[in-house]
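Asker:
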Amino acid sequence: MRIRVLGAGFYGCSIALGLIADGHDVEVHESGGRIFNGASGNIPARLHLGAPHYPRSAATQRACQEHNAEFMERYGRFTRPVPINIYAVAADHSLIDFGTYRRILRDQIEFITLHDPAEFGLAFVEGGVMVGERHIVVDDARMHFAAQLAGAVKLNTPIGEVDSKDFDFTIDATFCANDGAGVDRYEPCLVVLLRGPTDKSVTIVDGPFPSLYVWNEDLGLSSLSSAKWTPFSKTCKTWREAKALLDGLSAADVERQAQFMISDMAGFYPAVRDLYQVEDYRLSIRAMPLSGADSRLVEVVKVGERALRVRAGKIDAVVQAERVIKDMIDG
1331 MRIRVLGAGF
1341 YGCSIALGLI
1351 ADGHDVEVHE
1361 SGGRIFNGAS
1371 GNIPARLHLG
1381 APHYPRSAAT
1391 QRACQEHNAE
1401 FMERYGRFTR
1411 PVPINIYAVA
1421 ADHSLIDFGT
1431 YRRILRDQIE
1441 FITLHDPAEF
1451 GLAFVEGGVM
1461 VGERHIVVDD
1471 ARMHFAAQLA
1481 GAVKLNTPIG
1491 EVDSKDFDFT
1501 IDATFCANDG
1511 AGVDRYEPCL
1521 VVLLRGPTDK
1531 SVTIVDGPFP
1541 SLYVWNEDLG
1551 LSSLSSAKWT
1561 PFSKTCKTWR
1571 EAKALLDGLS
1581 AADVERQAQF
1591 MISDMAGFYP
1601 AVRDLYQVED
1611 YRLSIRAMPL
1621 SGADSRLVEV
1631 VKVGERALRV
1641 RAGKIDAVVQ
1651 AERVIKDMID
1661 G
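Take 1331 as the starting number for the sequence shown in our numbering and just add one per residue.
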């Protein structure tokens, strides 16, 4: 079949390679100037263990556990372990208390409880744990897909009609840029890249809190994000509205938001001010489902006679999405 994949992010590139391996004639159309131009290249790429990051969603916990092994089998060479990976529960305003958090973790993963979080530089937390976790080195994955898909990716290409008659099938992997069904809002986002130590990651749960997470050890970079300050808005109802907001930001707007994020993190991990310096700002748009429990499940639906749309869950679900798409195409 002649198949078009919209969006050259991790999902779009991986699905395209899977379809090519099955003998299909595949084109990847990317509206930006490079692959991983959107969320895939600009949002922290951690391989979640489930419960530590999503204690309120049993479905997301199960999905992360189920998908981890097959993701590692295919893409594990682009991942690295995080030496010191801390999840800490805030002393105030958390949606969960530390005792409940530990009980949820105890049923699913191995972890070490921090006897004294202050020894790890933490402040204003009820308690913390250390868990094993891996992250994806985005630059390594980007280079892999660029090489494997050479000649198949068409950059700076307008999307046009999703259900196009020019292709047997179109797979929309643009993070719901063309279809808002099941999306509560589109968040125009900022992630700050900080230069400094990459041996420790600190995530504050569960609620409007920040996360300092390793990005690329070779470059000495970590990412800083915040449930409160990473989104410039939580009211955009369309992708275009979110894009217009991002396009209208000034450098001062971005710098100001970044300082809010640094101050937020410094309240729990003061060393962020002393050990790290701002290296870069990364902007992107993410489609957020309506879920008070933070459900993050992948979804593949038919959106036309010849078109399927993928709503990305966590990145480790990409192999599952590819499997569903192949089944739907074959059917």
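C-beta atoms are modelled at their ideal positions from N, C-alpha and C, and glycine is treated no differently. As the structure is a prediction and not an experimental result, all values here were calculated from the model.
Assign L1613 to one of three DSSP states: helix, strand, or coil.
Answerer: In the structure shown, L1613 sits in a strand (DSSP, three-state: E or B).
Asker: Terminal residues of the continuous alpha helix (DSSP H) containing S1667?
Answerer: Only positions 1331 to 1661 of the chain appear in this structure, which leaves residue 1667 out of reach.
Asker: On the DSSP bridge assignment, give the partners of Q1607 in chain order.
Answerer: In DSSP, Q1607 forms a bridge with R1525.
Asker: Quick one: complete beta strand (DSSP E) runs, 3+ long, within the stretch 1433-1514?
Answerer: Here the runs fully enclosed are 1455-1460, 1464-1466, 1499-1502.
Asker: Is the Cβ-Cβ distance between W1569 and P1540 less than 9 Å?
Answerer: Not in contact: W1569 and P1540 (Cβ atoms no closer than 9 Å).
Asker: Report yes if the C-beta distance between I1365 and L1520 is below 9 Å; otherwise report no.
Answerer: Not closer than 9 Å, so no.
Asker: Give the single residue among C1566, R1525, V1535, S1563 whose Cα lies nearest to the Cα of L1549.
Answerer: With distances taken between Cα atoms, L1549 lies closest to R1525.
Asker: Taking C-alpha atoms, which residue in S1625, A1421, P1600, R1626 lies nearest to F1450?
Answerer: For the residues S1625, A1421, P1600, R1626, the minimum Cα distance to F1450 belongs to P1600.
Asker: Taking just the CA atoms, how far does P1527 sit from L1605?
Answerer: Going by the C-alpha atoms only, they are around 7 Å apart.
Asker: Rounded to the nearest angstrom, what separates V1459 and H1378 at their Cα positions?
Answerer: Their backbone Cα atoms lie some 15 Å apart in a straight line.
Asker: Under a three-way DSSP split, which group does G1634 fall into?
Answerer: Three-state result, G1634: strand.
Asker: Could you give the distance in angstroms between the alpha-carbon of I1426 and the alpha-carbon of T1504?
Answerer: Approximately 33 Å, taken between the alpha carbons.
Asker: Near Y1611, which residues of its chain fall below 7 Å by C-beta distance, leaving aside the five closest residues on each side in sequence?
Answerer: So the list reads L1520, V1522, V1584, A1588, once near-sequence residues are dropped.
Asker: Going by Cα to Cα distance, which pick from I1439, P1385, R1515 is closest to S1563?
Answerer: For S1563, the nearest C-alpha among the options comes from R1515.
Asker: Give the secondary structure of I1727 by DSSP, where H, G and I count as helix, E and B as strand, and everything else as coil.
Answerer: The question about residue 1727 has no answer, for the chain in this structure spans 1331 to 1661.
Asker: Suppose you measure from the CA of I1439 to the CA of R1392; what does that come to, to the nearest Å?
Answerer: Spanning the two alpha carbons is a distance of roughly 12 Å.
Asker: Exposed or buried, what is R1639 when buried is set at 16 or more other beta-carbons lying within 10 Å of its beta-carbon?
Answerer: By the 10 Å Cβ count, R1639 comes out buried.
Asker: Among I1645, P1619, I1655, S1621, which residue has its Cα nearest to the Cα of K1632?
Answerer: Nearest of I1645, P1619, I1655, S1621 to K1632, Cα basis: I1655.
Asker: Going by DSSP, which residues form a beta bridge with N1415?
Answerer: Bridge partners of N1415: S1531.
Asker: Could you tell me the boundaries of the beta strand (DSSP E) in which I1333 lies?
Answerer: Taken as a continuous stretch (DSSP letters only), the beta strand (DSSP E) holding I1333 covers 1332-1336.
Asker: Ordered along the chain, which non-local residues of its own chain (more than five positions away) have a Cβ less than 8 Å from that of N1486?
Answerer: If we look at N1486 and ignore the five residues flanking it on each side, its Cβ neighbours are E1360, S1361, G1362, G1363.
Asker: In whole angstroms, what separates the C-alpha of R1616 from that of P1518?
Answerer: So the alpha carbons of these two residues sit roughly 7 Å apart.
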